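Residue numbers for the sequence shown, in the working numbering: 24 to 455.
All residues carry an ideal CB built from backbone N, CA and C; glycine is no exception.
In this text the structure is predicted, and so the values were computed from the model without any measurement.
To start, the structure under review is shown below, and the notes come after it.
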Amino acid sequence: MLAGLYTLCLIDRTNIGGARISGLDQAVDLDVGNRASVIILIFYVGYIAMELPSNMLLRKFGAATWLSFLGVAWGLVVLGFGFSKNWQTVAVLRVMLGILEAGLFPGVIYLVGSWYTRYEIQKRIAVVFLSAAFLSSFANILAYGLTQIASNPELGGWKWIFIVEGALTVALALGAYFILIDFPDSKRNKFLSTEEIEVINARLIRSRGTLEGGKVTWRIVKDTVTDWQVWTIGTVYMSGSCGTYGFLFFLPIILRRGLEYSQQLAFVLTAPPAAVAIVYGLALAWAADKYRVRGPFILLHCTFGIVGLCMIGFLQAPTPRYVGSFLGQCGTNGLIVTGLAWGQNNVRGDARRSVVTAIFIMLAGVGGIYSALVFRQQDAPNYLPGVIATGALILLAAVLTLITSPLLIRANRQADAGKLLIEGSAEFRYTW
């Protein structure tokens, strides 16, 4: 259910790319100046602002109530896109969509992290994120089908993309209220016996040295915000988000207008790279949890991401450039999953983890803004400056990893020697 909600979250956030090549640009004059870039960028205004407040409300109202409410609300907003008459209306709806979608992914990561031990979490994050990324890639195929049902000229094909996908979101979110489980300490989880809850708590204590719980306070926020590794690892995660947003928003346009594939083929060809990325991501998530390291896998993801982007940006033949999208999506999706797990691994306590998750998703929003700014309308259809700028950010992620991992190894050695207390615990060690 979590993967289903996040799938629709991604679809509803990025379906504007399919709508643009299906008539939206002409219908609302979106292809004038930098309006298309503004429409993509403006989503992140509310998205960044609402990350931390939403996670605090998640704890207050419970996962099932809060996440299902968000889904219903943003689904109605997506429906509204289908009745937009001008680009200003689209802009306002994009801001509202950002505010409402902001709480879903950090809430999902927060909830998943509360149930599993430190070295079980990356596999679970990978299942949720990569499944959603894979399924959302088929949204372009669905979008093409929806554009073909426009019998009424007043209700163009691009409008059906928003109407049908918005309705699907509302329906799934309503069902989520009755299906989603809550945090381990919630009384709503009546399917667990007292003994089973005790077993879960014992596993978490053995893994983290503490039982989860506690409210987010300003002291915890301050301590987390001033933790240097939150920002270095968060930047790694941001680089993956930037690359992934680039593929989601602009790959259909590159395929259609840059590589000159037909509209049908441009929609269909967005799915195979995502399919390969999910196999790659799940395999490496299993390996990273097994060996309890993150840095070496981050460097591998960076390599794939940079090589793939170089193939897309600098090669001329369509087939090698398309192959580059496979490598690029493997790398960028891998950075997201491994970066999230790395950030979760290196803090103790429910409240701290909540703040870290919110910071990371805020940084993802910054990555989205970066992507919208560097993939400029005037650089269409190949977007070479955007490809280069995204590759540079991934290169920065590799450099930060090469700095962060040795420092964490050094801190662990100091803790082993009794010279350092990590996260207030004599037993806790950083994952590097």
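So residue i packs on residue j, CB below 8 angstroms; how close in whole Å?
i: residue 207; j: residue 137; result: 6 angstroms
i: residue 65; j: residue 118; result: 6 angstroms
i: residue 200; j: residue 88; result: 7 angstroms
i: residue 312; j: residue 145; result: 5 angstroms
i: residue 102; j: residue 185; result: 7 angstroms
i: residue 70; j: residue 388; result: 5 angstroms
i: residue 212; j: residue 133; result: Going by Cβ atoms, the distance from residue 212 to residue 133 rounds to 16 angstroms, so no, they are not a contact pair.
i: residue 55; j: residue 243; result: Actually they do not touch by this definition, with Cβ atoms about 46 angstroms apart.
i: residue 438; j: residue 445; result: 5 angstroms
i: residue 281; j: residue 333; result: In fact, because the Cβ distance is near 15 angstroms, the residues do not count as touching under 8 angstroms.
Determine the closest residue to residue i out of the options, with distance taken between C-alpha atoms.
i: residue 287; options: 223, 359 and 276; result: 276
i: residue 284; options: 268, 262, 271 and 342; result: 342
i: residue 357; options: 454, 33, 152 and 198; result: 152
i: residue 430; options: 256, 344 and 216; result: 256
i: residue 274; options: 444, 448 and 410; result: 410
i: residue 331; options: 310, 33, 369 and 270; result: 270
i: residue 90; options: 304, 305, 156 and 25; result: 25
i: residue 371; options: 61, 127 and 453; result: 453
i: residue 109; options: 129, 48 and 92; result: 48
i: residue 419; options: 450, 329 and 394; result: 329
i: residue 143; options: 437, 58 and 226; result: 226
i: residue 254; options: 51, 446, 426 and 392; result: 426
i: residue 157; options: 84, 296 and 252; result: 296
i: residue 40; options: 240, 293 and 327; result: 293
i: residue 380; options: 248, 162 and 307; result: 248
i: residue 327; options: 309, 28 and 303; result: 303
i: residue 289; options: 196, 195 and 161; result: 161
i: residue 32; options: 219, 95, 361 and 106; result: 95
i: residue 139; options: 196, 97 and 228; result: 228
i: residue 291; options: 192, 99 and 165; result: 165
i: residue 203; options: 28, 361, 455 and 72; result: 28
i: residue 193; options: 82, 113, 93 and 220; result: 93
With residue i as the anchor, note down where its alpha helix (DSSP H) starts and where it stops.
i: residue 309; result: 294 to 314
i: residue 107; result: Looking at the DSSP string, residue 107 is not in any alpha helix (DSSP H), and its letter there is neither H nor E.
i: residue 458; result: Residue 458 is absent from the structure shown; the chain starts at 24 and stops at 455.
i: residue 70; result: 58 to 72
i: residue 245; result: 241 to 248
i: residue 55; result: Where residue 55 is concerned, there is no enclosing alpha helix (DSSP H), given that its DSSP letter is neither H nor E.
i: residue 361; result: 341 to 368
i: residue 408; result: 407 to 439
i: residue 290; result: 286 to 291
i: residue 156; result: 144 to 160
i: residue 402; result: That residue, residue 402, is in no alpha helix (DSSP H); it is neither H nor E in DSSP.
i: residue 327; result: 318 to 337
i: residue 29; result: 25 to 42
i: residue 202; result: 180 to 202
i: residue 393; result: 373 to 397
Could you name the residues of the same chain whose beta carbon sits closer than 7 angstroms to that of residue i, not counting the 5 residues immediately before and after it, in chain order?
i: residue 421; result: 322 and 325
i: residue 363; result: 132, 148, 260 and 383
i: residue 423; result: 255, 258 and 259
i: residue 375; result: 243 and 247
i: residue 100; result: 116, 119, 120 and 123
If I measure Cβ to Cβ from residue i and keep anything under 6 angstroms in the same chain, skipping five residues before and after, which residues do I get?
i: residue 390; result: 261, 264 and 265
i: residue 435; result: 452 and 453
i: residue 416; result: 262 and 265
i: residue 383; result: 257, 260 and 366
i: residue 169; result: 183, 184 and 187
i: residue 385; result: 71 and 74
i: residue 97; result: 120, 123 and 124
How should residue i be labelled, buried or exposed, when 16 other C-beta atoms within 10 angstroms of its C-beta is the threshold for buried?
i: residue 340; result: exposed
i: residue 314; result: exposed
i: residue 36; result: buried
i: residue 2; result: Outside the shown range of the chain, which is 24 to 455, sits residue 2, and nothing can be said about it.
i: residue 448; result: exposed
i: residue 216; result: exposed
i: residue 182; result: buried
i: residue 52; result: exposed
i: residue 459; result: What is shown of the chain runs 24 to 455, which leaves residue 459 out entirely.
i: residue 373; result: buried
i: residue 443; result: exposed
i: residue 38; result: buried
i: residue 320; result: buried
i: residue 441; result: exposed
i: residue 129; result: buried
Less than 8 angstroms between C-beta atoms, sequence neighbours within five positions excluded: which residues of the same chain meet that for residue i?
i: residue 402; result: 408 and 409
i: residue 335; result: 277, 344, 347, 348, 351 and 410
i: residue 305; result: 146, 149, 150 and 153
i: residue 59; result: 43, 48, 53 and 400
i: residue 338; result: 344 and 347
i: residue 80; result: 89 and 126
i: residue 46; result: 170, 179, 180 and 181
i: residue 267; result: 156, 352, 355, 356 and 359
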